[in-house]
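> If you count the sequence shown from 1, position 72 lands on 72 in this note's numbering, and the numbers rise without skipping.
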Amino acid sequence: MRALLLALAIGVLVPVPAAAQGYPSRTVRIVVGTSPGGSPDVFARLIAQKMSESWGAVVVENRIGANGNIAAEMVSKSAPDGYTAYICDSAIWAINPHLYAKVPYRPLEDFAGISTISTLPTFLTVHPSVPAATYAEFIAYAKQNPGKLAYASAGNGSIHHITTELFKSLAGISMVHVPYKGMGQAGPALIAGDVQVAFSSYTAMAQYAKAGKVRILASADGKRTPALPDIPTISELGIPGFDMASMLGALAPAGTPRDIVAKLNAGVVAAVASPEVHEKIAGFGVRIGTSTPGEFDALMRAEYDKYARLVKLSGAKLD
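What follows is the structure, encoded as structure tokens:
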């Protein structure tokens with residue numbers, strides 16, 4: 001009996017091996033819900049390549065469709081063992097749940113935050129046919145010509161649509177919405193003059209702005225982008241507190257052990273902080289910012305509540 005008690009006591013004192021010991025022992029998969037070339041895909045590949053240098057194989061898998069919902073469902077149902085992660089923008093946890101009648105995942109229950117990666121600002125961009133060289137001139141022209149300007153978006157319920165509807169409401173202007181199937185169609189429509197206004201990423205419009213084919217007037221982000229310090233924010237120019245930048249972050253399936261989430265966080269943060277990855281991501285005109293898992297979880301909850309109101313304001317709904 002004494003021997004048994006001694007054995008039990010020793011067993012209690014011996015620590016249980018942490019889940020992260022020996023992790024990773026096989027390929028880690030980073031899922032993205034966009035096609036190759038989109039910001040989540042490009043950023044995921046940069047991060048995966050850097051993590052592979054010390055982790056072994058880290059690969060990117062594209063699961064395209066339903067505005068990221070297909071990829072989100074797959075990740076939410078994956079084993080919570082640290083071998084599947086999801087790099088996506090805030091549409092997944094903040095917009096889609098309010099936009100679609102039903103999504104195949106629970107944004108605040110089915111995922112564990114790993115880290116934020118960056119803020120993806122959009123920029124108020126106009127065709128040269130609009131007689132406005134500044135934000136103030138644009139607002140004045142729009143107010144004098146209600147309903148005569150058409151704006152492009154990446155589709156009903158997209159961040160571009162919701163941003164513009166909120167902007168219209170707060171600025172007191174009227175514009176006609178022309179939804180396209182992604183910014184791959186909306187951007188060329190603006191450049192061609194088929195529409196006169198769009199909120200678009202800087203990288204999509206930079207070369208055309210330099211060539212005089214479009215004008216970038218202001219940023220929808222709440223803060224100026226470090227790589228683009230000369231572009232003022234709408235918040236500075238006339239609508240205090242206006243902040244409609246999309247977030248990009250990395251998620252794991254809910255239930256992933258905390259120590260594995262912590263290791264994933266360290267890997268993503270180190271990759272983003274590396275000079276080569278940091279420089280390339282910054283070149284996209286984004287604001288880089290990583291976080292702890294807890295900070296990201298809190299951000300997701302706040303964004304979920306924020307966009308519940310904004311999606312309702314936009315009037316957008318999808319089946």
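Yeah, the Cβ is synthetic: ideal placement off N, Cα and C, and Gly gets one too.
1. Verify the CB distance criterion: does G241 have a CB-CB separation below 9 Å to chain C?
2. Provide the residue span of the beta strand (DSSP E) that contains A198, from first to last.
3. Quick check: the region 144 to 151 against the region 224 to 236, are there 3 or more CB pairs under 8 Å?
4. Sorry if obvious, but does the Cβ on K77 come closer than 8 Å to a heavy atom of the ligand PLP?
5. Buried or exposed for T134, please, with buried defined as at least 16 other CB atoms from any protein chain shown within 10 angstroms of its CB.
6. With a Cβ-Cβ cutoff of 9 Å, do L313 and A220 count as a contact?
7. Who are the near neighbours of A112 in its chain, counting only those whose CB is closer than 6 Å to its CB and skipping five residues on each side?
8. Between the C-alpha atoms of A308 and L99, what's the straight-line distance to the nearest angstrom?
9. To which residues does DSSP link D89 through a beta bridge?
10. Can you tell me the Cα-Cα spacing of A250 and S169, whole angstroms?
11. Can you tell which of V272, A316, M247 and T163 has its C-alpha closest to the C-alpha of M51?
12. If we count the other Cβ atoms within 10 Å of its Cβ and call it buried at 16 or more, is A91 buried or exposed?
13. Given a threshold of 16 other Cβ atoms within 10 Å of its Cβ, counted over all protein chains shown, does G267 qualify as buried or as exposed?
14. Should the region 286 to 301 be called in touch with the region 54 to 72, which here means at least 3 C-beta pairs below 8 Å?
15. Which complete alpha helix (DSSP H) runs does the region 93 to 118 hold, if anything under 4 residues is left out?
16. Under 8 Å: do the region 25 to 42 and the region 54 to 67 share three or more Cβ pairs, one atom per stretch?
17. Between G193 and H127, how many whole angstroms is the CB-CB distance? I'm expecting something under 8 Å.
18. Could you pull out every unbroken beta strand (DSSP E) segment of at least 3 residues lying fully inside the region 230 to 296, listed in chain order?
19. Determine, using beta-carbon pairs with one atom in the region 167 to 187 and one in the region 76 to 87, whether at least three such pairs fall under 8 Å.
20. What did DSSP end up calling A150 once you bin it into helix, strand or coil?
21. If you run the structure through DSSP and keep just helix, strand and coil, what is P179?
22. Identify whether R224 lies in helix, strand or coil by the three-state DSSP scheme.
23. Roughly how many angstroms separate the alpha carbons of S235 and K306, rounded to a whole number?
24. Applying the criterion that 16 or more other CB atoms from any shown protein chain within 10 Å of the CB defines a buried residue, is A211 buried or exposed?
25. With a CB to CB cut of under 7 Å and the five nearest residues on each side skipped, what residues in its chain are close to A7?
26. In terms of residues, what are the limits of the beta strand (DSSP E) holding V42?
27. In terms of DSSP beta bridges, what is S35 paired with?
28. Which term fits G82, buried or exposed, when burial requires 16 or more other beta carbons within 10 angstroms of its beta carbon?
29. Identify, in the order they occur along the chain, each residue of the same chain with its Cβ nearer than 6 Å to the Cβ of A94, setting aside the five sequence neighbours on each side.
30. I need the boundaries of the beta strand (DSSP E) containing V214, first residue and last residue.
31. Label A218 either buried or exposed according to how many other C-beta atoms from any shown protein chain fall within 10 Å of its C-beta, with 16 as the threshold for buried.
If we stick to the structure as given:
1. The structure shown contains no chain C; it holds only a single protein chain.
2. V197 to S200
3. These segments do not touch.
4. With respect to the ligand PLP, the structure offers nothing, as it holds no ligand at all.
5. Exposed, since its Cβ has fewer than 16 Cβ neighbours within 10 Å.
6. no
7. A252, A254, T256 and V261
8. 9 Å
9. L248
10. 32 Å
11. Measuring C-alpha to C-alpha distances from M51 to each of V272, A316, M247 and T163 identifies V272 as the nearest.
12. buried
13. buried
14. no
15. 96 to 99
16. A contact exists between the region 25 to 42 and the region 54 to 67.
17. 5 Å
18. You should have 246 to 253.
19. no
20. strand
21. strand
22. coil
23. Near 17 Å, if we compare the C-alpha coordinates of K306 and S235.
24. Exposed, because fewer than 16 other Cβ atoms sit within 10 Å of the Cβ of A211.
25. Since pLDDT at A7 reaches only 42, below the 50 mark, its modelled position is unreliable, and no value is offered.
26. Counting along the chain, V42 falls outside any beta strand (DSSP E), though it belongs to the alpha helix (DSSP H) covering S39 to W55.
27. BP columns for S35 are empty, so no partner.
28. buried
29. Scanning its chain for C-beta atoms nearer than 6 Å, with the 5 sequence neighbours on each side dropped, one finds around A94 the residues E303, Y304 and Y307, in chain order.
30. Under the DSSP assignment, V214 falls outside any beta strand (DSSP E); it carries neither an H nor an E label.
31. Its Cβ being crowded by 16 or more others within 10 Å, A218 is buried.
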